[in-house]
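See structure below.
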Amino acid sequence: MQLFAKNFRSGDEQLIINAIEIPADSDDRHGLLIDILDVIEENTPADVVLLGQVIYFHTPCTICRNAATKVLLQRKQAPKWLIEEVERDADEDARELVKEAL
Numbered sequence: 040m041q042l043f044a045k046n047f048r049s050g051d052e053q054l055i056i057n058a059i060e061i062p063a064d065s066d067d068r069h070g071l072l073i074d075i076l077d078v079i080e081e082n083t084p085a086d087v088v089l090l091g092q093v094i095y096f097h098t099p100c101t102i103c104r105n106a107a108t109k110v111l112l113q114r115k116q117a118p119k120w121l122i123e124e125v126e127r128d129a130d131e132d133a134r135e136l137v138k139e140a141l
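Written as structure tokens, this is what we have:
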């Protein structure tokens with residue numbers, strides 16, 4: 040993933056989606072999703088819709104989930120369903136992300 044983060048090109052999003060397998064082990068899954076988060080945070084031209092949702096759905100970490108949500112909101116790529124879900128999230132920081140973005 041570090042190669043993608045430093046050498047990202049348009050279209051690499053789909054290569055990443057096609058190549059990844061979400062690990063069953065939560066520590067391994069967390070590590071992979073942090074790496075994907077680094078890719079989308081460091082590459083503003085990235086189409087983050089799919090990668091952001093992969094992180095949102097699969098991360099065992101509220102901090103990473105909120106970071107992915109923040110990227111999706113900042114880039115105006117957050118799907119409506121995600122915004123509605125985060126508005127009702129149990130985590131106050133998550134709800135604040137939506138309030139700040141809207």
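So for the sequence shown, the working numbering puts the first residue at 40; every next one is plus one. Cβ coordinates follow ideal geometry from the N, Cα and C atoms, glycine included.
- prompt: What's the gap between the Cα of Asp66 and the Cα of Cys100?
  reply: Against the sequence shown, residue 66 aligns to sequence position 27. Against the sequence shown, residue 100 aligns to sequence position 61. Roughly 10 Å separates the two Cα atoms.
message: Taking the straight line between their C-alpha atoms, what separation do you get for Lys138 and Glu126?
response: The residue you call residue 138 lines up with position 99 of the sequence shown. The residue you call residue 126 lines up with position 87 of the sequence shown. The straight-line gap from Cα to Cα measures roughly 8 Å.
Residue of Asn105, Leu54, Ile75 minimising C-alpha distance to Ala133: For this step, residue 133 is matched to residue 94 along the sequence shown. Cα-wise, what sits closest to Ala133 is Asn105.
query: For Phe47, which of helix, strand or coil comes out of DSSP?
result: In the sequence shown, counting from the first residue as 1, residue 47 sits at position 8. Note: Phe47 maps to coil in three-state DSSP.
field: Cβ-based neighbour list, Gly70, same chain, cut-off 7 Å, excluding 5 preceding and 5 following
entry: To locate residue 70, count along the sequence shown from 1; it is residue 31. Here the set comprises nothing.
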